[in-house]
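Engineer: I am attaching a structure below and will ask some questions about it afterwards.
Residue numbers (the working numbering), protein chains in the order written: chain A, 69 to 669; chain B, 480 to 697.
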């Protein structure tokens, strides 16, 4: 069937999707690893690139500075901010410091990390000595036997120093900065070196400049001064006429911008290798991205699975509906067939009636013409009997009810069953063991007594004939709410009175079961026992017309049970006496004309 | 010709010629027209008004007796109709017998000729014209119609004519106008005019007047 083929295709598609899922996960993992590696390599390349860019920047900064461009320092600072990638490159660090520390002291901001003090022109060259005041707030220089004092807080004219304040600084000078011991000295080539004596690392190497060379460095004598105020001074220039002062914390801050510092505390601890915070984030980001992709892919595939599952469920539901539709179509086809057969039966009945009519009238005409004593009259009587039987056959074909009253009055089902059984007892139920269990409380509504009696008559006669006049017949009735399946579905929803009429006959085989309600269908083909094939057809017709329900339970050798579903009275009221009296009315004689209009005399 | 009996005229609407013939043989003392379908039946009705209509339900070319009934009643409202049917359900029979334009009887197939004969006799004597007269008298009594001389005369004449038909059908002898005039308490001219009306309406054969006129000068 088409639907099952589609289901198979969908199942295959789902298996393929599962396989794809696995492959996709593997792919994403591999991609993640590759991207990790690629990230690292990329980082290296970028560092190389940055390094070369860095050199370029430095050169540019230098050119700008030498030209005296006003914005050179600002641009150098900004580029410094971008230079965080550069680490542990001594040459670069040096170049940067060169650039930074040649800042001319034109600006007056207190944030300037150091000052360059230019001696007044015309100052004689002589032995230059520096000293700091005891509180560290002043620098005292001894030039040509004169003391010049600078307030380190702000530039001012150097005052004269008193004699007692003089002190000659001898290089190398040792100081302490933040717990480490620094040594500063002027080298032979005129560079200023500040060295960390603990870690023995070169902290700063100030290369000599074109015109100015550092020749003298002043420290406080005990070194505590540096730690307190953080100033270091040096004189440079051909005539040592330029004194440079460095503010050590500011210097450190500048170095920290370059990710450079000297060791603060424990000398046994090797200096830390600074790391780019982006370096560990990037693989993490890559991995995160990979897992995000994986998660999204999984979600998509899971969603696809869900969609497929819903599709499958929909397919299943559609198949079930198609099956139900097919069953309904079969039922409709069967009903159509029954209706067509009913029409056929009516046609047959009509023709048959006409034939019977001709026979009857002809017989009467012959009878009139014969003398009273003619022996042929006996034959005419036979004809009359045959016509009578023929009429009863036609009546059963047409299914005229004995009682045409439209239903409505409540009826006790037990009474109807008893009455019907009494009617049949002598003729049909002689050798049959009868078991009737019908509660007296069950009350019918909406179906006429006569119609139900006709159904019962047909079913009981059918059962009796099926058993060949010997066997067990059971009738029982109860109220049911739901029924698994019907042969004829009732017009109204439950509850119904379920009336079961079971026989111990041979049962009905499944190949003829669908045909038992067809008119003229009979299994009783032997001699006098031949049936008309109209009993169950009449049952079918009445049940359909009255909107009742019908079911059949049967199996070969296990007997047959017909189940009748009747509307149960909501009130449960018993029948009144007037109804009892009406049921005793004899049915209208078939030979008397219906005369609702009494003739006027 | 002298032995000719005054017979009721019956229209049989029946598609089966065998049955139609059997009806004719079963109903003695009647004359017949046979129509096989609705059109034929209406043609017959326009030509001559019968005293009784026998209507089969299933007709030729798909016509149905019950469908034909309103047309029949339009053309001949007072004529009694007996429906003969083998297949009409009880509800349909009741419908055929109910309301205005209803048939008078339904006889089921196979037809019992004795029953048919009895029914036809009752219908001829008491239905149709008889019913009409009864209705007019009832209306007069209820003063629903003017009881002026002309209307009274009409009703009297109608009643007299109905009685005349029944009288003349039951006997084969020639109608004695003098005797009839004495019996009904009217003059001979009225009786003669009634007979003439009946012949004109097709309820009596035409030669009955000739017979009377031969007798009249005597």
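All C-beta atoms in this analysis are idealised placements derived from N, C-alpha and C, irrespective of residue type, glycine included.
#1: Indicate the three-state DSSP secondary structure (helix, strand or coil) for residue 684 of chain B in the structure shown.
#2: Give the interface partners of residue 537 of chain B over in chain A, defined as CB-CB distance under 7 Å, in chain order.
#3: Suppose the cutoff is 8 Å on Cβ atoms and the five residues either side in sequence are ignored; what does the same chain contact list for residue 526 of chain A look like?
#4: Any Cβ of chain B within less than 7 Å of the Cβ of residue 422 of chain A?
#5: Under DSSP, the beta strand (DSSP E) around residue 698 of chain B begins and ends at which residues?
#6: Do you know offhand how far residue 602 of chain B's Cα is from residue 524 of chain B's?
#7: Buried or exposed, going by whether 16 or more other CB atoms sit within 10 Å of the CB of residue 588 of chain B?
#8: Contact criterion: CB-CB distance below 7 Å. Does residue 406 of chain A meet it with respect to chain B?
#9: Using the three-state DSSP reduction, which class does residue 528 of chain B fall into: helix, strand or coil?
#10: Indicate whether residue 547 of chain B and residue 517 of chain B have their beta-carbon atoms separated by less than 7 Å.
#11: For the 8 Å Cβ check, are there 3 or more pairs between the region 561-581 of chain A and the region 630-637 of chain A?
#12: Distance cutoff 7 Å, beta carbons only. Does residue 433 of chain A sit that close to anything in chain B?
#13: Under the assumption that residue 365 of chain A contacts residue 96 of chain A (Cβ atoms under 8 Å), give the Cβ distance between them as a whole number of angstroms.
#14: Using the Cα positions of residue 543 of chain A and residue 559 of chain A, report the straight-line distance between them to the nearest angstrom.
#15: Taking only beta-carbon atoms, is residue 611 of chain A less than 7 Å away from chain B?
#16: Residue 353 of chain A: which of A:553, A:107 and A:454 sits nearest, CA to CA?
#17: Could you tell me whether any Cβ in chain A is nearer than 7 Å to the Cβ of residue 545 of chain B?
#18: Check whether the Cβ of residue 426 of chain A lies closer than 7 Å to any Cβ atom in chain B.
#19: How about residue 539 of chain A and residue 580 of chain A: do their beta carbons lie closer than 7 Å?
#20: Could you give the distance in angstroms between the alpha-carbon of residue 450 of chain A and the alpha-carbon of residue 620 of chain A?
#21: If the cut-off is 8 Å on Cβ atoms, which residues from the region 375-387 of chain A count as contacting chain B, listed in chain order?
#22: I'd like the span of the beta strand (DSSP E) that includes residue 505 of chain A, first residue to last.
#23: In angstroms, rounded to a whole number, what distance separates the CA positions of residue 569 of chain B and residue 654 of chain B?
#24: At a cut of 8 Å, does the region 574-590 of chain B reach the region 555-566 of chain B through at least three beta carbon pairs?
#25: May I ask which residues mark the beginning and end of the alpha helix (DSSP H) holding residue 607 of chain A?
#26: Which chain A residues sit within Cβ distance under 7 Å of residue 590 of chain B?
#27: Using a beta-carbon distance cut-off of less than 8 Å, what residues from the region 449-464 of chain A approach chain B?
#28: Counting only C-beta atoms, is residue 497 of chain B closer than 7 Å to chain A at any point?
#29: What are the boundary residues of the alpha helix (DSSP H) that includes residue 549 of chain B?
#30: Going along chain A, which residues have a C-beta under 9 Å from residue 503 of chain B?
#31: Within the same chain, show all residues whose beta-carbon is closer than 7 Å to that of residue 667 of chain B, passing over the 5 residues directly before and after it, in chain order.
#32: Have a look at the DSSP bridge pairing and note the partners of residue 512 of chain B.
#33: What is the DSSP secondary structure of residue 655 of chain B, counted as helix, strand or coil?
#34: Which residues mark the beginning and the end of the beta strand (DSSP E) in which residue 499 of chain B is found?
#35: Who are the Cβ neighbours of residue 574 of chain B in its own chain at under 6 Å, not counting the five residues just before and after it?
#36: Buried or exposed: where does residue 532 of chain A fall if 16 or more other Cβ atoms within 10 Å of its Cβ makes it buried?
Structural biologist: So, to answer that:
#1: Taking the first residue of the second chain as position 1, residue 684 of chain B is located at position 205. Collapsing the DSSP output to three states places residue 684 of chain B in coil.
#2: Here residue 537 of chain B corresponds to residue number 58 of the second chain, with the count starting at 1. The answer, in chain order, is 418.
#3: Position 458 of the first chain holds residue 526 of chain A. Excluding positions up to five away in sequence, the list reads 603, 604, 606 and 607.
#4: Numbered from 1 along the first chain, position 354 holds the residue referred to as residue 422 of chain A. Closer than 7 Å: yes.
#5: Because chain B is modelled from 480 through 697, residue 698 of chain B falls outside the range shown and cannot be assessed.
#6: Here residue 602 of chain B corresponds to residue number 123 of the second chain, with the count starting at 1. Here residue 524 of chain B corresponds to residue number 45 of the second chain, with the count starting at 1. Inter-residue distance for residue 602 of chain B and residue 524 of chain B is about 18 Å (C-alpha atoms, whole angstroms).
#7: As a first step, residue 588 of chain B must be located in the second chain, where it is residue number 109. Answer is buried; the Cβ neighbour count reaches 16.
#8: Looking up residue 406 of chain A in the first chain gives position 338. Cβ-Cβ to chain B under 7 Å: no for residue 406 of chain A.
#9: Numbered from 1 along the second chain, position 49 holds the residue referred to as residue 528 of chain B. Residue 528 of chain B falls in the coil class under three-state DSSP.
#10: What you label residue 547 of chain B is simply residue 68 of the second chain in a count that begins at 1. What you label residue 517 of chain B is simply residue 38 of the second chain in a count that begins at 1. It is a contact, given that the beta carbons lie within the stated cut-off.
#11: Output reads yes: the region 630-637 of chain A touches the region 561-581 of chain A.
#12: To locate residue 433 of chain A, count along the first chain from 1; it is residue 365. So, interface residue.
#13: Reading the first chain from its first residue, position 297 is the one you call residue 365 of chain A. Reading the first chain from its first residue, position 28 is the one you call residue 96 of chain A. Their Cβ separation, rounded to whole angstroms, is 7 Å, which keeps residue 365 of chain A and residue 96 of chain A in contact under 8 Å.
#14: Walking along the first chain from the start, residue 543 of chain A turns up at place 475. Walking along the first chain from the start, residue 559 of chain A turns up at place 491. Their backbone Cα atoms lie some 23 Å apart in a straight line.
#15: Your numbering for residue 611 of chain A matches position 543 in the first chain. Residue 611 of chain A does not count as touching chain B.
#16: Here residue 353 of chain A corresponds to residue number 285 of the first chain, with the count starting at 1. The option with the nearest alpha carbon to residue 353 of chain A is A:107.
#17: Translated into positions along the second chain, residue 545 of chain B becomes position 66. Residue 545 of chain B is outside the set of residues whose beta carbon lies under 7 Å from a beta carbon in chain A.
#18: Numbered from 1 along the first chain, position 358 holds the residue referred to as residue 426 of chain A. Closer than 7 Å: yes.
#19: Within the first chain, residue 539 of chain A is the residue found at index 471, counting from 1. Within the first chain, residue 580 of chain A is the residue found at index 512, counting from 1. It is not a contact, given that the beta carbons lie outside the stated cut-off.
#20: Locating residue 450 of chain A in the first chain gives position 382, counting from the first residue. Locating residue 620 of chain A in the first chain gives position 552, counting from the first residue. When rounded, the distance between both Cα atoms is 40 Å.
#21: Listed in sequence order: no entries.
#22: Here residue 505 of chain A is taken as the residue at index 437 of the first chain, counted from 1. Per DSSP, residue 505 of chain A belongs to the beta strand (DSSP E) from 500-506.
#23: On the second chain, residue 569 of chain B is found 90 positions in, with the first residue counted as 1. On the second chain, residue 654 of chain B is found 175 positions in, with the first residue counted as 1. Rounded to whole angstroms, residue 569 of chain B and residue 654 of chain B show a C-alpha spacing of 45 Å.
#24: Yes: at least three Cβ pairs fall under 8 Å.
#25: The residue you call residue 607 of chain A lines up with position 539 of the first chain. Under the DSSP assignment, residue 607 of chain A falls in the alpha helix (DSSP H) whose first and last residues are 603-614.
#26: Stepping through the second chain from its first residue, residue 590 of chain B is reached at position 111. Neighbours of residue 590 of chain B across chain A, judged by C-beta separation under 7 Å: 425, 428 and 429.
#27: Under the 8 Å Cβ criterion, the region 449-464 of chain A contributes 455, 458, 459 and 462.
#28: Your numbering for residue 497 of chain B matches position 18 in the second chain. Residue 497 of chain B counts as touching chain A.
#29: Mapped onto the second chain, residue 549 of chain B falls at position 70. Following the DSSP letters along the chain, one finds residue 549 of chain B inside the alpha helix (DSSP H) bounded by residues 544-554.
#30: Mapped onto the second chain, residue 503 of chain B falls at position 24. Correct list: empty, because the minimum Cβ distance to chain A is about 11 Å.
#31: As a working mapping, residue 667 of chain B is identified with position 188 in the second chain. Its chain contains 656, 657 and 660 as the residues whose beta carbon lies nearer than 7 Å to that of residue 667 of chain B, once the 5 sequence neighbours on both sides are disregarded; these appear in chain order.
#32: By one-based count along the second chain, residue 512 of chain B stands at place 33. DSSP output for residue 512 of chain B lists B:490 as bridge partner(s).
#33: As a first step, residue 655 of chain B must be located in the second chain, where it is residue number 176. DSSP places residue 655 of chain B in coil when its eight states are reduced to three.
#34: In the second chain, residue 499 of chain B corresponds to position 20, counting from 1. Counted as a single uninterrupted DSSP element, the stretch harbouring residue 499 of chain B is not any beta strand (DSSP E) but the alpha helix (DSSP H) occupying residues 496-505.
#35: Translated into the one-based positions of the second chain, residue 574 of chain B becomes position 95. Closer than 6 Å at the Cβ level, and outside the excluded window around residue 574 of chain B, lies no residue.
#36: In the first chain, residue 532 of chain A corresponds to position 464, counting from 1. By the Cβ neighbour-count rule, residue 532 of chain A is buried, with 16 or more other Cβ atoms within 10 Å of its own.
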